[in-house]
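Presented below is the structure to which this report refers.
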Amino acid sequence: MELSKSQTINRALAHYGIRTYLDVLEHTPRTYEDMNPTENEVMILDKSRVVFYGYITRFPTLSHFARVSLVRFGFRTLAGNEFNIEAYNRPYLVKILNSGVKYVLVGVFDQKKHKVNLVNISKYNAVSHTEAKPVYSLPSEVDQLTYRRLVDRAFSYYRENNYEIKDVVPAYFMKKYRLLPRKEALELLHHPKDFKDVHAGLRVLKYEECLKFTLKTELIREENKKLEKNKKQHINTKLVDEFIKTLPYKLTKSQDEALIEILFDMNKTSLMYRLLQGDVGSGKTLVAALALYGNYLRNDQGALMAPTDALARQHYVTLCNLFKDTKMKIALLVGQTPYKEKKAIELGLINHEIDIVVGTHALFSKSVEYSSLGLAVIDEQHRFGVNQRLLLASKGSHADLLLMSATPIPRTLALTIYGDLDVSTLKEFPFDNKQVNTLITSSNDQKIDELINDSLAHHQQVYIIAPLIMDDLTADKVTVETLFARYLLKYPGKVALLHGKLSQEEKLYALESFKKNQYPIIISTTVIEVGLDVKTANLMIIYDASSFGLASLHQLRGRIGRDGKKANCVLIYDGSEESERDKLEVLVRSNDGFYIANEDLKRRGPGELGGYRQSGLPSFNFVNLIDDFKMFTCAREDSKFILLHRLEPGFRRLLKEANEEINNDKFTNV
Ligand code: ADP
Ligand code: MG
């Protein structure tokens, strides 16, 4: 079926995952423009967005300056206030604006000149008027109006053919929560009269999302729970303690407590399913390593999985150093491992010649089998699809599972998101205070160069981060490649470049030479976000900082000041959005991962998604975990109810879909 007559549009939409009329309808607006008239017209602040309803009073005049055209006119609002309106480069307005017609005008107020810069003006139409104007996120080839027409076409297609839009939520819960039928909800979301309609529509999609998510985690949990340990070998915790005594440092109190909890779980007959959470730099790796040591003592194999090659490699080196005086055999298995070596490792795992294998999702390849996998640790677990967790556990079929996350969230929230799992939290840091100073500035601030020079003079390293790789269509965005060119001029022979599109060899080379300080500056995308541990890096500069989520920024910042000494994090923001600046201020104010995760969640919701995710929490299209916490909790209970009554015909479809989604869950690894 052709959505539109234009091939370009169809192709662009298909690329967005929009191929059928149902896809069109399910692609709900990213946000809504508030078209409620501005209240208190005399108290408007400078640069604020205004919405006026009213009439043209002074007729538009057109003037030209160099290459710019300017249309000016007067506008009287329904409240009776007069404003001067200016519109740049829209000469046609002179021809189309009429007196005696009621208009809706959107603009930006300029206090100094007491005028309004026009953003948009349209005739007021009582029939199609809305106080909440849908804004879709679309590929650049498709504009808002085209998409709106497509939505209308999709609705009439359904109407004319008497097609139904099936509800996702079982009727039982639709009734319980008085949810609107899905079709009506979609209507409201695409054609709301006001924000009340938007909320009513959203309620349905939010609950759908909550229910599907919780049902999937419950299903996975259920399968994991069925498993029991193969054999019951006790870990002698005294031996673990003895090993700890040989370390050059002491465990923090939290590390100690978490380890006790983990070893206790491992000594139970049921399988461990535990989340170890702790802020960046709180020392999760060491706890995991000691758990792996305990696992080794009971004569089981361990697997440690990380989301990137670089991180796997780093963990491998850490473990090798930590266990160099033991007889433990440790192997590294990443995508890049040469075929022959891979085969040798696979053999070693089947024969139990290898005790611990560290790797990326390569640990999942069909050919990898374990003789006796006792413990699987998954670092930065949010990077992996839910399904991968199941897969790894089912590899040994009876392995304890330890998930690690650097985005600490309150216990109640963790339980709600992940379901019934045990949580250990690292509350302290191995170093007393983390001395990272954070500042917000613009990209042309002299201070940036001063800080870089200072770092280089002290033989410290510098991270420079940007969100994008290559020159995107949006030319105003900074990319790592433009930055690379720019900094290379300033610091010849000192700059490395790292991003996801490089080959593994190139990535490795960039990272290694940065680690060794051959190149003291690395320009990178967020590939370095996860877990990298370079102790002598003390400066990070993040371009276009507001395009990252707060949790991501906090993770990034966690890469510096790792030796406990002073470090600087520069957040570059060239825009003038109050809310964006406000978001960045959170990082200036706080270095507390809990607080930041909470602020991040508060700010997320419809419209905040897309772009650069990976910030350490599951992301949802409609649900905001703070605002919709209650609904999420209900959905979790409802999911349990569904599993208890799984034979109910009304639940079958949803269960089938959830199972399918679990099975199809692709590796979400970057
Ligand atoms: P994260 O929790 O972010 O994964 P890491 O495990 O990478 O943190 O640990 C951060 C740094 O702290 C590492 O360099 C690690 O060697 C060090 N570290 C961990 N635990 C201790 C400790 N008890 N005493 C001193 N240093 C520690
Ligand atoms: Mg880590």
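In the numbering used here, each residue's number is its place in the sequence shown (first place is 1) plus 15.
Glycine residues also receive a C-beta, built at the ideal position from the N, C-alpha and C atoms.
All values reported here derive from a predicted model rather than from experimental measurement.
According to DSSP, what are the bridge partners of residue i?
| i | result |
| --- | --- |
| Pro-149 | Tyr-47 |
| Ser-420 | Gln-292 |
| Thr-76 | Arg-87 |
| Phe-98 | Phe-90 |
| Gly-374 | Met-320, Leu-348 |
| Ala-582 | Val-451 |
| Arg-328 | Arg-328 pairs with nothing; no bridge assigned. |
| Phe-67 | Leu-120 |
Determine the DSSP secondary structure at residue i, reduced to helix, strand or coil.
| i | result |
| --- | --- |
| Glu-356 | helix |
| Gln-126 | coil |
| Leu-512 | strand |
| Lys-110 | helix |
| Lys-138 | strand |
| Asp-437 | strand |
| Gly-309 | helix |
| Asp-415 | strand |
| Ile-259 | helix |
| Gly-626 | Low confidence applies here, because Gly-626 scores a pLDDT of 36, under 50, leaving its location unreliable and the question unanswered by this model. |
| Leu-504 | helix |
| Gly-665 | helix |
| Ala-391 | strand |
| Thr-489 | Its pLDDT being 48, under 50, Thr-489 is placed unreliably by the model, and the measurement read from it follows with that caveat. Correct three-state label for Thr-489: coil. |
| Leu-547 | coil |
| Asn-553 | strand |
| Phe-637 | coil |
| Thr-494 | strand |
| Val-383 | coil |
| Pro-621 | At Pro-621, the pLDDT of 47 sits below 50, so the modelled position is not reliable; the number obtained from the coordinates is stated separately. In the structure shown, Pro-621 sits in coil (DSSP, three-state: anything other than H, G, I, E or B). |
Excluding five sequence neighbours on each side, which residues of the same chain lie with their C-beta closer than 7 Å to the C-beta of residue i?
| i | result |
| --- | --- |
| Asn-51 | Val-66, Glu-146 |
| Ala-696 | This structure cannot speak to residue 696, because the chain is shown only from 16 to 685. |
| Tyr-534 | Lys-509, Val-510, Ala-511, Ser-528 |
| Met-646 | Lys-221, Tyr-222, Cys-225 |
| Tyr-288 | Asn-239, Leu-416, Leu-436, Asp-437 |
| Tyr-162 | Tyr-151, Leu-153 |
| Leu-658 | Glu-233, Glu-237 |
| Gly-622 | Low local confidence applies: a pLDDT of 40 at Gly-622 is under 50, so the model's placement there is unreliable, with the coordinate-based value given in what follows. So the qualifying residues of the chain are Arg-45, Thr-46. |
| Phe-88 | Ile-71, Arg-73, Phe-74, Pro-75, Ile-100, Leu-112 |
| Arg-661 | Leu-670 |
So which of the options has the shortest CA-CA distance to residue i?
| i | options | result |
| --- | --- | --- |
| Asp-653 | Asp-642, Leu-670, Ile-641 | Leu-670 |
| Ile-100 | Val-131, Glu-520, Val-109, Leu-112 | Val-131 |
| Val-116 | Ser-84, Val-150, Tyr-68 | Tyr-68 |
| Tyr-107 | Lys-208, Ser-605, Leu-77 | Leu-77 |
| Ile-71 | Gly-564, Thr-92, Phe-80 | Thr-92 |
| Ile-250 | Leu-390, Glu-272, Gly-293, Leu-312 | Leu-312 |
| Lys-3 | Val-219, Asp-209, Leu-153, Leu-658 | With the chain represented from 16 up to 685, any question about residue 3 goes unanswered, as that position is not in the structure. |
| Ala-186 | Gly-216, Leu-262, Asn-25, Pro-664 | Pro-664 |
| Leu-568 | Ile-277, Pro-207, Leu-160, Val-295 | Val-295 |
| Arg-73 | Val-57, Glu-97, Arg-82 | Glu-97 |
| Glu-156 | Ser-19, Ile-657, Lys-339 | Ser-19 |
| Lys-260 | Leu-337, Ala-29, Ser-605, Tyr-478 | Leu-337 |
| Ala-94 | Thr-53, Val-134, Leu-85, Gly-363 | Thr-53 |
| Asn-613 | Thr-352, Ala-377, Thr-427, Asp-271 | Thr-427 |
| Ser-137 | Leu-194, Asp-315, Leu-153, Ser-114 | Ser-114 |
| Lys-381 | Leu-523, Lys-358, Arg-596 | Lys-358 |
| Leu-274 | Glu-356, Leu-498, Ile-432, Leu-441 | Leu-441 |
| Thr-540 | Pro-507, Pro-149, Leu-254, Ala-481 | Ala-481 |
| Phe-258 | Ala-346, Phe-279, Ala-306, Gln-159 | Ala-306 |
Quick one: what's got a C-beta closer than 8 Å to residue i's C-beta in the same chain, skipping five residues either side?
| i | result |
| --- | --- |
| Leu-60 | Phe-124, Gln-126 |
| Ser-458 | Val-493, Tyr-558, Ile-587, Asp-589 |
| Asp-464 | Lys-505 |
| Tyr-31 | His-42, Leu-153, Pro-154 |
So, for residue i: in the same chain, excluding its five sequence neighbours on each side, which residues have a beta-carbon less than 6 Å away from its beta-carbon?
| i | result |
| --- | --- |
| Thr-43 | Leu-204 |
| His-129 | none |
| Pro-445 | Thr-267, Gly-298 |
| Leu-418 | Leu-290, Ile-393, Gln-396 |
| Ala-650 | Cys-225, Leu-226, Thr-229 |
Between residue i and residue j, how many whole angstroms is the CB-CB distance? I'm expecting something under 8 Å.
| i | j | result |
| --- | --- | --- |
| Asp-643 | Lys-231 | About 17 Å; that fails the 8 Å criterion. |
| Gly-564 | Thr-422 | Gly-564 to Thr-422, Cβ: 10 Å. No contact. |
| Leu-526 | Ala-327 | Not really, about 12 Å apart at Cβ, beyond 8 Å. |
| Ile-556 | Ile-611 | The Cβ separation is near 19 Å, so there is no contact. |
| Ile-538 | Val-495 | 5 Å |
| Glu-361 | Lys-344 | That pair is no contact at about 14 Å. |
| Asn-553 | His-474 | Their Cβ separation, rounded to whole angstroms, is 10 Å, which puts Asn-553 and His-474 out of contact at 8 Å. |
| Leu-217 | Phe-637 | 6 Å |
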